[in-house]
Structures are given as structure tokens and as C-alpha cells.
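The listed protein sequences correspond, in order, to chains X and H.
If you're matching positions, the first sequence starts at 226 in my numbering and goes up one per residue.
If you're matching positions, the second sequence starts at 677 in my numbering and goes up one per residue.
Beta carbons are placed, not taken as given, at the ideal position from N, Cα and C, and that holds for glycine.
Quick caveat, the model's predicted, so the values are computed rather than measured.
Before any comments, here is the structure.
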Amino acid sequence: MKSSTLAKKIGFYAMIIIVWQGLDSADIWPDNIFPSPIDVVEDLAYGVADASLFYGIGTSLLRLSIGLSIAIAGGLVLGIFMARVETVNQTIGSLVLGLQSIPSIAWVPLAILWFGLTDSGIIFVTAIGAIFAVTINTYTGVKNINPSYIEAARNMGAKEGQLITSILIPAAFPFIISGFKQGWAFAWRGVIGAELLFSFLGLGFLLNVGRQLNDVSQVIAIMIVIMGIGILVDGVVFKKIEDKVMTRWGLR
Amino acid sequence: MGKLESRNIEKYFTHDGKPLKTLDGINVNVEDGEFVCIVGPSGCGKSTFLRITAGLEKPDDGEILLDNQPVNNTGPDRIMVFQEGALFPWLNVRDNVEYGLKIAGVSQEKRNEISNRYLDMMQLTQFATSYTYQLSTGMKQRVAIARALVMEPDVLLMDEPFAALDPQTRDLLLVEMQLIWQKTKKTIVFVTHNVAEAVMLGTRVLVFTHRPARIKKEIKIDYRRPRVAEDENLLKYQKKILAELRPEVKK
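Here it is, written out as C-alpha cells:
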């Protein structure tokens, strides 16, 4: 990042905090509705000190990674299958588009009925929220592969199975990585949402505890953590991968 | 009976819902070690013929024989070099070149040994770990040729591989291609719309007619090698071919 960009960012966030502190000092709203930045930082420090925050983050991220892994594996298989077999696309493909329009949180009642108030239920919501984004992007990616890659590979003797692993997935990877990124975003929303409704651990649960205890600063602290993880994964992890892929695949 | 034989190949495409005859009974007999160039007006079906030979498309009639055996599918015995190279951008130069060996289950050690030989032949050794986005168009085509040679095919099929190159790079590769052919003694079928290119490379040039394509004329080119672009003696061959080709292009 250029230093001028960094300076702008720091300035912007500093301004938010100053305005926030100013609004708090103006005493327009009571402290139990509108906490000061210091209250929130104290709350975060408290969470760090007794490690409850790390435990919450760890739990949410563990559920997320299991759910997302399932979504990625399933989405890749489904997407490739749809792209390669027209009948599958015409049948399952239309269903996938429909299912994609269901918000992950709407799967929660079904998850509770099927899995009870368990981790499996949360993982189910996370996975199902992410799988269709991975599927659709994989499908689009495989459909958009330069046909001469496939012809060249066939020509050199690649069988269908070899074609999938050595050509289809790598050739479609710029799309697939967008699928992972979208999938992650859906999974992250899904896991927090599900935890909020029926979990005893995780960031979503901590949010809910904050609400029950009328602890606004905890609610805001956890929201900041959720956002921070989002920025970290999107802006650092995925950005790095995307940059590398785009360059190597000659897309920029 | 030659190495590669096409018997009465016919091909139709659908155009505005009507069948459009593209190849009208193509009979070609390519001897072992020959370098056959096919020229024709653009859109005449010469690339289609090459793709049928490679097994990438099916003819509507006729057959392709390799060593007197009919072939219906793609196979590593007939390797195609595509116009745009079709290199895999996610692999570096060496892995691109070794791709066919890898999927055939050749051991890493053996793969390296073979690819080293062809990387060297194509003067790519120092680019072995480069990715395609780091290569010029000419370099990419060198990689594409190396990738094809590594397969040690019976027949090398080349579909306008130098069409996108600048003239200097092309002239260089045209000379090198002759040396490679002399060194490897490969049977090559080379499609181009560039008459000068055909004359430089071919032992024989086939002129295709406008669609539906037939073989209009066959011109043997008995001339010493390596032939260079500025050799005026090659002009008379070019003139001969152009005389056949010009009326077809105007159609």
C-alpha cells in the first residue's frame, strides 16, 4: 500500500473515532445506549484478558472452516458436473439458482429441526449458505475455459478424470477463487447469524450475550471484531491469492 | 501408402440452418518425414482438415489413416500446435512442456531428461521456470512447439502457428523450424495462409480451393535448406502458388 493511501485511511478512521468520542461527550444519549470508544476498547481488552474473545473467534472460525470446506468440495463437484453435463445443468442448475436466493439465516429453522441445537446445525447453515456461490462460480469458470486448453490436453492424451484435475480446475481458477471469496462471505454471515440464534459459543453467541446483558459496548466490540476478521480475510488473504492468480493467468 | 493418409474427407457445417459443404473429398498422402504445407483462402476449411486429422473433429465422410490404421479420436501420435499456442498459464514453461508426459505417467526424472532436451532445442532452457505471461508471443510458440515435440508424435500438426508473430520473429522461427525438422525427421502437416511461409518450409505445398475445399494443385519444392526468407529463388515457387491461389481468394 502506498504511504499516502495508508495516511488517508488512518486519517479517516481517526476522524470516525474523534466524531464518535465527540458525540459521546455531548451526552445526547445515555451511556447504556451509546458507549464511548474507550468503553468499547475496555470491553475488548477484557475479552482479551480472560481469553473469552479468542475462544469466541476460534469457535466461530472453526465452524466456518468446516462449513466452508464442505461448501468448497461440494460446490466444485457440483459446478464442474453442471458445466460438463448439459442435463445436470438444465435440472440441478435451475434448482441451484433458486436455492442461492435463500438467505442462509432462513436455513436455521430447518437446521434446528434436523440437527438440534448443535455444532452440526451451525456447520450445516454455514455450508449451505456458501455452497451455491462456489457452485455457480465454478460452473461459470469451467464454461469460460478457452476451448483450446481442453483440446490441447485431450490431444496430448488426457482422460476425462485427468482433464478435471489438470485442466478444468486450474483453468477455471480465476472464477473459482471468486467463488471461494463469495462463499467465504456467505459462510461468515451464516455462521454469525446461526450462532446468534442458537449457539452457546462463538462470536454470534457473544453478541447475543451482550444484548441479553444490555451491554452495548460488548455488542459493538464484537461487531468490530467480526468486521476486522472480514477485512483481514477479504483484504489480505483473498487479495493476495487473487493478485497472484490474475497475474499468472495473464488477466491483467 | 504413406505415413498419414486422408481418404475422401468430407465435412459440412450448418450455416443459417442449411448444411454448408466445407471439405469436398480431400485426399492427401503424406510420406514419412515429409513436410507438407497447406495453403488456401481464409475460411476455406484448411484448419478444419487439420483438426479432423488430429481427431478434434469428426469428418462427415472419409477417413484418416495413420500407418494404414484408421484413427477416429485424438491421440498423442498426432500432436497439434495451435495458432495461439494454447499454453497453460498456470504452469511454468517446463511444466507446460512436460504436461503430456506427466499425464502419461512418465516419472519425474525421465520427464526432466526429455524436457531438457527439447527446451534446449528450442532455446528455452533459461526460461524453464517462467510463466506464460512473462513470455513474448514468439517465445510462447517455441514452448508450444517444444510441448508438441516432447510427445514424440508420428505426425506433427501445425495450425498457423506463426500467424500472430512479428515478421522478424517469424523469419527466425521459419529457419529454426527447418532445422528442427531436419534434426527430428518428423512428418509435419503445416497449415498457413502465408505463401512465403509455405515455400520456405514445405517439401510439398497443397493449394486448397475456396469453400467447399478441394485440393487444387500440388507443388513440390525441391530446394536446398535451410531456406531463408530473402532468397529470390523461392519467389518463383511463390508466384506459382499465388497464381493458383489468387482466383480462389477472389471468390
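- Within the same chain, Cβ atoms closer than 8 Å to the Cβ of H:Val706 are found at Gly678, Lys679, Leu680, Glu681, Val712, Val831, Thr863, Val865, the five residues on either side in sequence being excluded.
- Under the DSSP assignment, X:Val458 falls outside any beta strand (DSSP E); it carries neither an H nor an E label.
- Judged by DSSP in its simplified three-state form, H:Phe725 adopts helix.
- Exposure of X:Asp252 is indicated by the presence of fewer than 16 other C-beta atoms within 10 angstroms of its C-beta.
- In the three-state scheme derived from DSSP, where H, G and I count as helix and E and B as strand, H:Asn792 is classed as helix.
- Linking H:Arg890 to H:Leu699 through their CA atoms gives a straight-line distance of about 7 Å.
- Taking the C-beta atoms as reference points, H:Thr808 is found nearer than 8 Å to H:Leu763.
- Those residues of the segment 732-760 of chain H placed with their C-beta closer than 8 Å to a C-beta in chain X are Leu732, Thr750, Gly751, Pro752, Arg754, Ile755, Met756, Phe758, Glu760, ordered along the chain.
- As summarised for the segment 367-443 of chain X, the continuous alpha helix (DSSP H) elements at least 4 residues long and confined to that stretch are 372-380, 385-388, 398-423, 428-437, given in chain order.
- In the three-state reduction of the DSSP assignment, X:Lys469 falls in the helix class.
- Around X:Glu376, the beta-carbon contacts reaching into chain H at under 9 Å are Arg727, Ala730, Leu732, Thr750, Met756, Phe758, Ala762.
- For the segment 865-924 of chain H, the continuous alpha helix (DSSP H) assignments of 4+ residues that do not extend past its boundaries occur at 871-877, in sequence order.
- By the neighbour-count criterion, in which 16 or more other beta carbons inside 10 Å mark a residue as buried, X:Ile305 falls on the buried side.
- For H:Met798, the closest alpha carbon among the candidates H:Met815, H:Lys786, H:Arg787 is that of H:Met815.
- Note on geometry: alpha-carbon atoms of H:Ala730 and H:Tyr899 lie some 29 Å from one another.
- Of the residues X:Gly236, X:Ile263, X:Leu278, the one whose Cα lies closest to the Cα of X:Leu248 is X:Ile263.
- Per DSSP, the continuous beta strand (DSSP E) segment holding H:Leu741 begins and ends at 737-742.
- Cβ neighbours of X:Ala378 within its own chain (closer than 8 Å, five residues either side excluded): Gln387, Leu388, Ser391, Ile392.
- Excluding residues up to 5 positions away in sequence, Lys816, Gln817, Ala820 lie with their Cβ nearer than 6 Å to the Cβ of H:Gly761 in the same chain.
- Residue nearest to H:Lys893 within the set H:Phe689, H:Trp766, H:Ile702 is H:Ile702 (criterion: CA-CA distance).
- Linking H:Thr805 to H:Leu795 through their CA atoms gives a straight-line distance of about 11 Å.
- Residues of chain X whose Cβ lies closer than 7 Å to the Cβ of H:Tyr775 are, in chain order, Met381.
- At a Cβ-Cβ threshold of 8 Å, X:Val450 and X:Leu428 count as neighbours.
- Contact of H:Pro765 with chain X by beta-carbon distance below 7 Å involves Arg473, Trp474, Gly475.
- The beta carbons of H:Gly776 and H:Arg823 sit closer together than 8 Å.
- Interface criterion not met: the Cβ of H:Ile864 is under 8 Å from no Cβ in chain X.
- Under a criterion of Cβ atoms nearer than 7 Å, the residues of chain H adjacent to X:Ser391 are, in order, Ile779.
- The alpha helix (DSSP H) runs of length 4 or more contained entirely in the segment 292-325 of chain X are, from start to end of the chain, 311-325.
- Sorting H:Ile755, H:Leu696, H:Val875 by C-alpha distance to the C-alpha of H:Gly719 places H:Leu696 at the top.
- For the segment 386-415 of chain X, the beta-carbon criterion of a distance under 8 Å to any beta-carbon of chain H is satisfied by Gln387, Ser391, Ile392, Pro395, Ala396, Phe398.
- H:Tyr807 belongs to the set of residues whose beta carbon lies under 8 Å from a beta carbon in chain X.
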